[in-house]
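Engineer:
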C-alpha cells in the first residue's frame, strides 16, 4: 500500500512538472473529445455488452483532471449522438441508465466536478432523452452553475446537423418576432423599410448565438480515439480551424501521453491556426 502511494505521488509530481514545461508554449483554451471505441474495447477484453461504456468513464475523469491541471478552460465530450438511438433498445437503455448513474455521481461532494470547481453543461436536443436522464442533467447544470474554474460540456442527443437546424429555426423565429413588433409599433408606416430589412436579416452572429455550443468558444483541438478519421456529425460548424488528432487507442485506453502529444502538435501549429482564424 505504501509503495503504491509513493508511486502514485511520484507520477503526480512528474505530470505536473511536464505540464509546467508545456505551459511555456500556448495552452489550448478548448479541447473536444469523440469518445470512440467503447464497444470495441468490451469485445477486445471479452466483457459483456455495454461494459465498455462503463470502462470509459474513468478515462473521461482522467482527461478532465489532466485538462484542469494543464489550464484548459473548456472540455467537450461527445457522449451520445442522436443517431445512437437507432441502436438496439437494450443497449440504448443500458447507456441511458449508466448516464443517469454517472451524472448523479458528478454531484457527490468528493467528485472531480466539486473538487475542481467544474461547471457542467449538457448540450444537445435534450428533450429526446428519457425523463430520469434529463432531470439528472438539469440538476447537475443547476448545482454547478456557480462553478467557474473549468467548463465541461457533455453533448447528449446531439448532432451538428440537428444543432444547425435548431439554430436556423430559432434565428428565423427571433427575426420574425422583431418584424411583427416593428409592424405593431408602426415602423415605416406599416411597411418594413430598408433599414428595418437590414436589421432583420439573419447574420452569422445570429446563427452562432442560437447554436447549442454557443456557451463556449470553438475548440482548439478535437481528439477522436480509436484511430477513426471521421467527425461523425460532431462540431462540424465549430471545428473549421482546429487541430484534429486521432490516436489508435480505444477510448478506455486513452491516457496522458495522447493528450500531451495533441498539445505539442497544437503548439507546433499554433501560428498557422491563429492565422487561419483571423482570415475568417
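In my numbering, the protein residues as written are 103 to 382. In this text, a Cβ means the ideal position worked out from N, Cα and C, and glycines have one as well. Note that the coordinates shown come from a computational prediction; the quantities given were computed from them, not determined experimentally.
1. Given a cut-off of 8 Å, decide if residue 130 and residue 368 are closer than it, judged by their beta-carbon atoms.
2. So the alpha helix (DSSP H) residue 366 belongs to, where does it begin and stop?
3. Starting from the C-beta of residue 263, find all residues in its chain whose C-beta is less than 7 Å away, skip the five residues before and the five after it, and write them out in chain order.
4. Among all the DSSP beta bridges, which residues are the ones paired with residue 223?
5. Return the first residue and the last residue of the beta strand (DSSP E) that residue 179 is part of.
6. Helix, strand or coil: which one does DSSP assign to residue 312?
7. Cβ of residue 226 within 8 Å of Cβ of residue 314?
8. Taking just the CA atoms, how far does residue 238 sit from residue 245?
9. Alpha carbon to alpha carbon, how far is residue 170 from residue 370?
10. Could you tell me if residue 98 is buried or exposed, where buried requires 16 or more neighbouring beta carbons within 10 angstroms of its beta carbon?
11. Of all the options 363, 319 and 357, which has the alpha carbon lying nearest to the alpha carbon of residue 342?
12. Could you check which residue in 328, 179, 269 and 163 has the C-alpha nearest to that of residue 256?
13. Tell me the DSSP secondary structure of residue 324 in three-state form.
14. Which runs of the beta strand (DSSP E), 3 residues or longer, sit entirely within the segment 137–196?
15. State the DSSP-derived secondary structure class of residue 333, mapped to helix, strand or coil.
16. Return the first residue and the last residue of the beta strand (DSSP E) that residue 346 is part of.
17. Taking only the alpha-carbon atoms, compute the straight-line gap between residue 348 and residue 138 and give it to the nearest angstrom.
18. From what residue to what residue does the alpha helix (DSSP H) around residue 228 run?
19. Tell me the residue span of the alpha helix (DSSP H) that contains residue 129.
20. Which residue comes first and which comes last in the alpha helix (DSSP H) that contains residue 214?
Structural biologist: Concretely, from the data shown:
1. With contacts defined by Cβ atoms closer than 8 Å, residue 368 and residue 130 form a contacting pair.
2. Looking at the DSSP string, the run of the alpha helix (DSSP H) that includes residue 366 is 358–370.
3. Excluding positions up to five away in sequence, the list reads 335.
4. Here residue 223 is bridged, per DSSP, to 255.
5. Where residue 179 is concerned, the enclosing beta strand (DSSP E) stretches over 176–183.
6. Looking at residue 312 - three-state DSSP - the assignment turns out to be coil, as it is neither helix nor strand.
7. For residue 226 and residue 314, yes; Cβs fall inside 8 Å.
8. If you draw a straight line from the Cα of residue 245 to the Cα of residue 238, it is about 10 Å long.
9. Distance between the alpha carbons of residue 170 and residue 370: 21 Å.
10. Shown here, the chain extends from 103 to 382; a query on residue 98 therefore has no answer.
11. Looking at the Cα atoms, 319 is the closest of the given residues.
12. For residue 256, the nearest C-alpha among the options comes from 179.
13. It is a strand residue.
14. If we require 3 residues or more, the beta strand (DSSP E) runs fully inside the segment 137–196 come out as 176–183.
15. Under the three-state reduction of DSSP, residue 333 is assigned to coil, being neither helix nor strand.
16. Its beta strand (DSSP E) spans residues 345–347.
17. For residue 348 and residue 138, the gap between their C-alpha atoms comes out near 10 Å.
18. According to the DSSP assignment, residue 228 belongs to no alpha helix (DSSP H), since it is labelled neither H nor E.
19. Where residue 129 is concerned, there is no enclosing alpha helix (DSSP H), because DSSP gives it neither an H nor an E.
20. For residue 214, the enclosing alpha helix (DSSP H) begins and ends at 214–218.
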